[in-house]
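Notes to accompany the following structure.
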Amino acid sequence: MTDKTKEELIKDSNLPRKQIAESNRKHILQGERERKQTDEMLQHSFSLLHAIFDSTPDGILLVDQQGKIINSNKRFQKMWKIPESLMFSGDDKKLLEYVRNQLKNPELFIDGVEKLYTHHTEISYDILEFKEGKFFERYSAPQIINKKIVGRLWNFRDITSRKKAEQELLESKALIDAVVENVPLMIFLKEAQDLRFVVFNRAGEELLGYDRKALLGKNNLDLFPPEQAANFMAKDREVLDGEAGMIDIPEEPILTAKKGNRLLHTRKVCIRGADGTTKYLLGISEDITERKQAEIYQEMGREVMQILLGESEDFQGLIQRVLAVLKTRIGLDAVGIRLQDGDDFPYFAQQGFSEDFLRTENALVERSADGGLCRDKDGNFNLECTCGLVVSGKTDPANPYFTKGGSCWTNDEAGIPFQDTRLHPRDECLHQGYASVALVPIRCNNKIVGLIQLNDRRKGCFTLNMVENMEEVAVYIGEALMRKQADAEIKKLNTELEEKVLRRTSQFINANLELSKEITARKEYEEKLNISLAEKELLLKEVNHRVKNNLQTIAGILGLQILQAGNEEISRQLKDVHDRINSMALLQGMLHQAESLNNINFDEYINTIAANLSHSHMMHPAELEGFYWISTPRFPAV
Numbered sequence: 004m005t006d007k008t009k010e011e012l013i014k015d016s017n018l019p020r021k022q023i024a025e026s027n028r029k030h031i032l033q034g035e036r037e038r039k040q041t042d043e044m045l046q047h048s049f050s051l052l053h054a055i056f057d058s059t060p061d062g063i064l065l066v067d068q069q070g071k072i073i074n075s076n077k078r079f080q081k082m083w084k085i086p087e088s089l090m091f092s093g094d095d096k097k098l099l100e101y102v103r104n105q106l107k108n109p110e111l112f113i114d115g116v117e118k119l120y121t122h123h124t125e126i127s128y129d130i131l132e133f134k135e136g137k138f139f140e141r142y143s144a145p146q147i148i149n150k151k152i153v154g155r156l157w158n159f160r161d162i163t164s165r166k167k168a169e170q171e172l173l174e175s176k177a178l179i180d181a182v183v184e185n186v187p188l189m190i191f192l193k194e195a196q197d198l199r200f201v202v203f204n205r206a207g208e209e210l211l212g213y214d215r216k217a218l219l220g221k222n223n224l225d226l227f228p229p230e231q232a233a234n235f236m237a238k239d240r241e242v243l244d245g246e247a248g249m250i251d252i253p254e255e256p257i258l259t260a261k262k263g264n265r266l267l268h269t270r271k272v273c274i275r276g277a278d279g280t281t282k283y284l285l286g287i288s289e290d291i292t293e294r295k296q297a298e299i300y301q302e303m304g305r306e307v308m309q310i311l312l313g314e315s316e317d318f319q320g321l322i323q324r325v326l327a328v329l330k331t332r333i334g335l336d337a338v339g340i341r342l343q344d345g346d347d348f349p350y351f352a353q354q355g356f357s358e359d360f361l362r363t364e365n366a367l368v369e370r371s372a373d374g375g376l377c378r379d380k381d382g383n384f385n386l387e388c389t390c391g392l393v394v395s396g397k398t399d400p401a402n403p404y405f406t407k408g409g410s411c412w413t414n415d416e417a418g419i420p421f422q423d424t425r426l427h428p429r430d431e432c433l434h435q436g437y438a439s440v441a442l443v444p445i446r447c448n449n450k451i452v453g454l455i456q457l458n459d460r461r462k463g464c465f466t467l468n469m470v471e472n473m474e475e476v477a478v479y480i481g482e483a484l485m486r487k488q489a490d491a492e493i494k495k496l497n498t499e500l501e502e503k504v505l506r507r508t509s510q511f512i513n514a515n516l517e518l519s520k521e522i523t524a525r526k527e528y529e530e531k532l533n534i535s536l537a538e539k540e541l542l543l544k545e546v547n548h549r550v551k552n553n554l555q556t557i558a559g560i561l562g563l564q565i566l567q568a569g570n571e572e573i574s575r576q577l578k579d580v581h582d583r584i585n586s587m588a589l590l591q592g593m594l595h596q597a598e599s600l601n602n603i604n605f606d607e608y609i610n611t612i613a614a615n616l617s618h619s620h621m622m623h624p625a626e627l628e629g630f631y632w633i634s635t636p637r638f639p640a641v
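Position in the sequence shown (first residue = 1) + 3 = this note's numbering.
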């Protein structure tokens with residue numbers, strides 16, 4: 004169409020009628036051309052729209068006001084697995100009945116559809132879950148033409164992959180949250196801009212002693228002393244502004260609400276977004292207080308053992324040095340060690356206690372009004388106050404103020420809850436201003452022989468772990484005491500043994516002197532006896548020589564007399580005398596030549612006499628008829 008209508012041309016022109024007709028024809032032809040172009044454009048747009056309608060990844064369904072299907076794309080049919088026959092029927096109710104069996108909650112789906120059909124203007128968005136695990140995103144809006152609702156558009160999008168990804172993401176987040184929540188380390192997340200807490204786990208709650216609701220949205224200035232908070236925030240900024248983006252703090256002191264001062268090992272990391280901008284500060288803190296204390300107590304224990312193993316001073320001097328180590332290492336106001344002395348447990352050594360305190364607390368034994376010692380029904384001495392309770396071994400492990408090892412400890416002496424279990428509580432520690440008190444028994448051979456006392460005027464100085472570590476130190480002291488007692492006993496036994504050795508040695512020396520005298524006297528006697536024997540032997544030889552000579556002389560004279568005798572009888576008698584003298588000479592010679600005078604060889608003597616008689620009487624030995632001899636080899640000479 005031109006800018007002017009036909010009437011306007013007639014009014015505004017005085018052209019001839021023919022020209023007007025030609026102009027009208029041209030206008031009609033132009034109108035037809037424009038209408039044709041418009042139809043082509045509409046056809047092209049419809050074709051393009053239909054192509055888009057069929058190629059869209061969403062399933063689309065159009066229904067009229069009565070629920071009849073106007074149009075749908077192939078994607079819709081494929082998504083819902085709808086057969087061609089059902090789609091061509093155009094019945095939305097049959098279609099709903101078919102698809103409802105695929106859904107996990109079909110009643111909810113149908114109720115939603117029916118509600119939208121009765122509320123034409125409403126727009127709906129929800130998620131449909133299928134029995135087989137699929138998820139569809141459903142969008143529904145009224146179809147409006149010329150400001151009039153003519154039907155309803157249903158748009159379905161398969162979001163199964165996205166839903167599964169979301170589910171996996173949720174599961175991963177839940178897993179990460181569970182790990183963060185249950186890890187035994189304090190984990191926190193701060194906003195980079197104002198360093199306010201946005202995440203805090205349960206371990207952090209327990210450590211700091213605050214509910215996380217009170218922590219979230221707060222920064223360090225809201226929770227900690229100004230100086231400590233400023234130090235924390237300076238470290239945070241160092242991490243966020245530094246190139247490394249992280250920092251490791253081996254030892255970081257922190258004041259907690261319920262546990263007092265604690266020592267943390269903290270790691271801080273800068274968390275950046277995908278664009279590289281700083282978003283958060285991640286912190287992971289480990290409470291190393293007990294471990295650090297254990298290291299201190301182990302080192303202290305080694306130092307105590309080195310002192311106790313020393314032998315350069317007496318036991319009391321060693322204990323004084325031990326107390327100095329305990330007082331310095333733990334940083335306490337006063338320390339002391341009680342040791343058993345008879346039936347009481349006075350202070351063996353102490354550092355830091357006043358004279359008034361010692362006068363009141365030194366003795367533990369209960370005394371009567373007249374000053375006498377009081378005993379229980381078993382005959383044992385009654386021991387007063389908390390120290391007496393500990394050394395008596397009457398502690399209660401079920402009470403939180405007692406340990407299984409029999410120690411007693413409190414961080415607030417004014418609130419100690421076992422008054423009734425003590426004999427005559429004195430409360431002198433409380434009167435002297437000591438808030439933190441620990442009493443640790445010392446055992447020797449499984450018997451309590453004393454205790455270590457640790458006092459400080461500050462509250463919250465001790466933990467159960469510290470007291471249990473002190474019990475190990477008490478074991479060292481007990482072993483040292485036992486060793487010192489054993490050394491003293493050994494020294495005593497050595498002294499007694501040395502005295503016995505000296506006494507026996509003196510006796511041996513005296514006996515040796517007497518024996519030496521006896522040996523000397525015996526030697527002198529033996530020398531005299533040998534001289535006497537030599538003299539006797541010489542005398543005997545002389546006597547033998549003289550007797551032999553005399554006998555030989557007599558025998559010679561008798562032999563001459565026999566030769567000169569004219570009478571046979573006299574000659575025979577002289578021969579008898581002569582034979583007798585020879586027998587005597589023979590016997591005397593045998594006695595002289597014998598090795599021993601206790602016995603002689605009688606056979607040899609008889610044979611010799613027989614030979615002499617045979618020779619003297621000029622007889623053959625066979626002629627000595629009737630001569631019999633029973634052999635007796637030897638017989639005593641006396």
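For each residue, glycine too, the CB sits at the ideal point set by N, CA and C.
Item, Value
"Within 10 angstroms of the Cβ of glycine 279, are there 16 or more other Cβ atoms? Answer buried if so, exposed if not.", "exposed"
"Isoleucine 557: which of Leu442, Ala588, Leu131, Asp180 sits nearest, CA to CA?", "Ala588"
"Specify the secondary structure class of alanine 24 as computed by DSSP and reduced to three states.", "helix"
"Within 10 Å of its beta-carbon, does valine 186 have 16 or more other beta-carbons around it, so buried, or fewer, so exposed?", "exposed"
"Determine the burial state of serine 439: buried for a count of at least 16 other Cβ atoms within 10 Å of its Cβ, exposed for fewer.", "buried"
"Around the C-beta of glutamate 387, are 16 or more other C-beta atoms found within 10 angstroms, so that it is buried, or is it exposed?", "buried"
"Which class does aspartate 251 belong to by DSSP, given the choice of helix, strand or coil?", "strand"
"Pick helix, strand or coil for alanine 140, following the three-state DSSP scheme.", "In the sequence on display, residue 140 carries glutamate and not alanine. Of the three classes helix, strand and coil, the one that applies to glutamate 140 here is strand, per DSSP."
"Which residues bound the beta strand (DSSP E) around cysteine 432?", "Element bounds for cysteine 432: not the beta strand (DSSP E) but the alpha helix (DSSP H), 431 to 434."
"So what's glutamine 196 in DSSP terms, helix, strand or just coil?", "coil"
"Starting from proline 109, trace the alpha helix (DSSP H) both ways and give me its first and last residue.", "109 to 121"
"According to DSSP, is threonine 556 part of a helix, a strand, or is it coil?", "helix"
"Within its chain, find whatever has a CB closer than 6 Å to the CB of methionine 473; leave out the 5 residues flanking it on each side and keep chain order.", "Val443"
"Please check the pair glycine 391 and leucine 367, which I expect to be a contact at CB under 8 Å, by giving their CB distance rounded to whole angstroms.", "5 Å"
"Going by DSSP in three states, glycine 263 sits in which element: helix, strand or coil?", "coil"
"What first and last residue would you give for the beta strand (DSSP E) that runs through aspartate 459?", "450 to 459"
"Answer with buried or exposed for isoleucine 2, where buried requires no fewer than 16 other C-beta atoms within 10 angstroms of its C-beta.", "Shown here, the chain extends from 4 to 641; a query on residue 2 therefore has no answer."
"Since I believe arginine 265 is in contact with leucine 178 (beta carbons under 8 Å), could you give me their beta-carbon distance rounded to a whole number of angstroms?", "Wrong, their Cβ atoms sit about 29 Å apart, outside the cutoff."
"Shortest alpha-carbon distance to glycine 163 belongs to which of Leu131, Arg425, Gln309?", "First, the residue type needs correcting, since residue 163 is threonine and not glycine in the sequence shown. It is Leu131 whose Cα lies nearest to the Cα of threonine 163."
"Does arginine 36 come out as helix, strand or coil in the three-state DSSP assignment?", "helix"
"Relative to the C-alpha of aspartate 336, which candidate in Val325, Gln354, Arg165, Leu156 has its C-alpha closest?", "Gln354"
"Quick check: what's the CA-CA separation for glutamate 298 versus leucine 172?", "43 Å"
"Does DSSP put cysteine 273 in a helix, a strand or coil?", "strand"
"What residues match up with valine 368 in a beta bridge as DSSP calls it?", "Leu386"
"Once DSSP output is grouped into helix, strand and coil, what is the label at histidine 427?", "coil"
"I'd like the ranges of any beta strand (DSSP E) spanning at least 3 consecutive residues and lying wholly in the region 297 to 376.", "337 to 342, 350 to 354"
"Please confirm whether threonine 556 has its beta-carbon closer than 8 Å to some beta-carbon of chain D.", "You won't find chain D in this structure, because it holds only one protein chain."
"Span of the alpha helix (DSSP H) holding leucine 98?", "95 to 103"
"Where do the ends of the beta strand (DSSP E) carrying threonine 281 lie?", "281 to 290"
"Rank Ala417, Lys81, Tyr213 by C-alpha distance to the C-alpha of arginine 460 and give the top, closest one.", "Ala417"
"In the DSSP assignment, what residue or residues form a beta bridge with phenylalanine 405?", "Cys411"
"On a Cα-Cα basis, can you pick out the residue from Lys84, Ser92, Tyr120 that is closest to arginine 103?", "Lys84"
"Using alpha carbons as the reference points, say which of Arg549, Lys150, Arg199 lies closest to leucine 224.", "Arg199"
"Could you check what DSSP says for aspartate 441 in three-state terms: helix, strand or coil?", "Per the sequence shown, residue 441 should be read as alanine rather than aspartate. Strand, per DSSP."
"Going by the CB atoms, is the gap between aspartate 197 and methionine 82 shorter than 8 Å?", "no"
"Tell me, to the nearest whole angstrom, how far the beta carbon of lysine 544 is from that of glutamine 591; I am working on the premise that it is less than 8 Å.", "Contact doesn't hold; Cβ gap of about 12 Å is too wide."
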